[in-house]
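K.L.:
For the sequence shown, position 54 matches number 53 in numbering that gives the first Met the number 0, and the numbering has no gaps at all. Structure in structure tokens, see below.
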Amino acid sequence: MRLVAQSMAKQRSVLRAEATEQDINYELRRRTPWLTEGIEIQRAQVSLHVDDHTRSSAERMAQLRRETALEDMARQQTAARIRFMLDEVLRTPATARLYLALEQNAQHGALPPGTDINEIVRETQQWHPQAQWVVIAQLLHTFLTNLSAEDRGDLLRTVRGMFEEYGEKELAEQLPVTLHEAPQGRPA
């Protein structure tokens, strides 16, 4: 009987001593009468007591586990929010502005006064992955990735000349003098 009680008590928390005591006593009642070494045990009962030091130590440990779990949950939520921001919100300038506008007015669940919804729709469509200019930019990126550094420099000089020829001197001045490295990665 003692081994049954000790085995069950070892598997339980000292913070739930009352429940553990009830469970052990139920198991002891279920197993009696018990015949062992010529002795028949008709009834057995335990009473559990947890000293204050053990209880307070267990409470501190439980509190630390809860705090650790909350910190882990906060880290997971932050990581999920970052993934959402990168995958969804920051995909285009239009969705980023729309998200920011909604976040700033989240308590009202509406866009801020004076927001032109038609402009937001137009801008969102402009940045759609299949929009013609986005497809062209992706093709240019792929093309540049496959060029040598010398060829990228030649292309840059040609583009600068085209900008100037079409009267876009300010755009030509914004271009870098040289492209040292190929653009990294493929666009989404």
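For each residue, glycine too, the CB sits at the ideal point set by N, CA and C.
By DSSP's criteria, TRP33 is part of a beta bridge. Which residues make up the other side?
P.N.:
DSSP output for TRP33 lists ILE40 as bridge partner(s).
K.L.:
So, with DSSP's three-state summary, where would you put PRO175?
P.N.:
Of the three classes helix, strand and coil, the one that applies to PRO175 here is coil, per DSSP.
K.L.:
Roughly how many angstroms separate the alpha carbons of THR35 and ALA43, rounded to a whole number?
P.N.:
Taking the straight line from one Cα to the other gives about 14 Å.
K.L.:
Output the boundary residues of the alpha helix (DSSP H) element that contains VAL88.
P.N.:
Element bounds for VAL88: n/a, residue is neither H nor E.
K.L.:
Can you list, in chain order, the residues of its chain whose CB lies under 6 Å from that of TYR165, leaving out five sequence neighbours each side?
P.N.:
Once the five neighbours on either side are set aside, TYR165 has no close Cβ partner at all.
K.L.:
Which of helix, strand or coil does DSSP assign to ASP115?
P.N.:
In this structure, ASP115 counts as coil in the three-state DSSP scheme.
K.L.:
For TRP126, tell me which candidate among VAL45, ARG96 and SER147 has the shortest Cα-Cα distance.
P.N.:
Ranking the options by Cα distance to TRP126, first place goes to ARG96.
K.L.:
Label LEU2 either buried or exposed according to how many other C-beta atoms from any shown protein chain fall within 10 Å of its C-beta, with 16 as the threshold for buried.
P.N.:
When all chains shown are included, LEU2 counts as exposed.
K.L.:
Just mark ARG151 as buried or exposed, buried being the case when its beta carbon has 16 or more other beta carbons within 10 Å.
P.N.:
So ARG151 ends up on the buried side.
K.L.:
Would you call the region 88-95 and the region 52-72 touching, i.e. three or more CB-CB distances under 8 Å?
P.N.:
Result no; under three Cβ-Cβ pairs closer than 8 Å.
K.L.:
Measure the alpha-carbon distance for ARG28 versus GLN41 and round it to whole angstroms.
P.N.:
Cα-Cα distance, rounded: 9 Å.
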